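Novice: Mind having a look at this structure? Questions to follow.
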Amino acid sequence: MPDTALLRVKNLKKYFPIRGGLFSREVARVHAVDDVTFDLMKGETLGLVGESGCGKSTTGRCILRLIEPTAGEVWFDDKNVTTLDKRSLRHLRRDMQIIFQDPSVSTPTTCAATRTSSRAASASASASPAPSR
Ligand SMILES: Nc1ncnc2c1ncn2[C@@H]1O[C@H](COP(=O)(O)OP(=O)(O)OP(=O)(O)O)[C@@H](O)[C@H]1O
Ligand SMILES: [Mg+2]
């Protein structure tokens, strides 16, 4: 077991500004992610669980820098993701990716489901009595 983490998240924060007023000034902030710290070793899986809006997706987006964190550090494979330039980030995204929540997009079940439903349809068609006229 390696002693260094594959993914290291340190004091990650993301605050979204809420703007209002005539000049669209920042009047408040949503603390979507507030001081998240964890290590993930190679081969480990981590589940983030919490009520809707507690910051799970925002944590993932900040780790990948799909949005910029307000503060904190993300290290992947001993690279400081938070300071990488665009080119290096693009390269890194071959190894770090988001899998979207929508099951019809994130799991390759469409083919199997289509086959299953067409089989079910033909089974029900053969089981149904012929319509009386
Ligand atoms: N671009 C944004 N601008 C302002 N606020 C945002 C933005 N994105 C997310 N938020 C707010 O940040 C908070 C965390 O949202 P997030 O989408 O990370 O929650 P979540 O835990 O993934 O929720 P769900 O389980 O519904 O997917 C919420 O209050 C949300 O309204
Ligand atoms: Mg989410």
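Residue 99 in numbering that gives the first Met the number 0 is what sits at position 100 of the sequence shown, and the numbering runs on without skipping anything.
Here a beta-carbon is modelled for each residue, glycine too, at the ideal position from N, C-alpha and C.
These numbers come from a predicted model, not from an experiment.
Going by DSSP, which residues form a beta bridge with Leu-39?
Specialist: For the purposes of this step, residue 39 is taken as the residue at position 40 of the sequence shown. Paired residues: Leu-6.
Novice: Between the alpha carbons of Lys-13 and Gly-20, how many angstroms are there, rounded?
Specialist: For the purposes of this step, residue 13 is identified with residue 14 of the sequence shown, where counting begins at 1. For the purposes of this step, residue 20 is identified with residue 21 of the sequence shown, where counting begins at 1. Lys-13 and Gly-20: Cα-Cα distance of roughly 23 Å.
Novice: Can you check DSSP and say which residues form a bridge with Phe-75?
Specialist: Here residue 75 refers to the residue found at position 76 when the sequence shown is read from its first residue. DSSP output for Phe-75 lists Leu-6, Lys-78 as bridge partner(s).
Novice: Given a cut-off of 8 Å on the beta-carbon distance, is the pair Leu-6 and Leu-39 in contact?
Specialist: Taking the first residue of the sequence shown as position 1, residue 6 is located at position 7. Taking the first residue of the sequence shown as position 1, residue 39 is located at position 40. Yes.
Novice: Quick one: Cα of Asn-10 to Cα of Gly-71, how far?
Specialist: As a working mapping, residue 10 is identified with position 11 in the sequence shown. As a working mapping, residue 71 is identified with position 72 in the sequence shown. So the alpha carbons of these two residues sit roughly 5 Å apart.
Novice: Kindly examine ligand 2 and report whether one of its heavy atoms sits closer than 7 Å to the Cβ of Gln-100.
Specialist: In the sequence shown, residue 100 corresponds to position 101, counting from 1. Yes; taking the cut-off as 7 Å, the Cβ of Gln-100 has a heavy atom of ligand 2 nearer than that.
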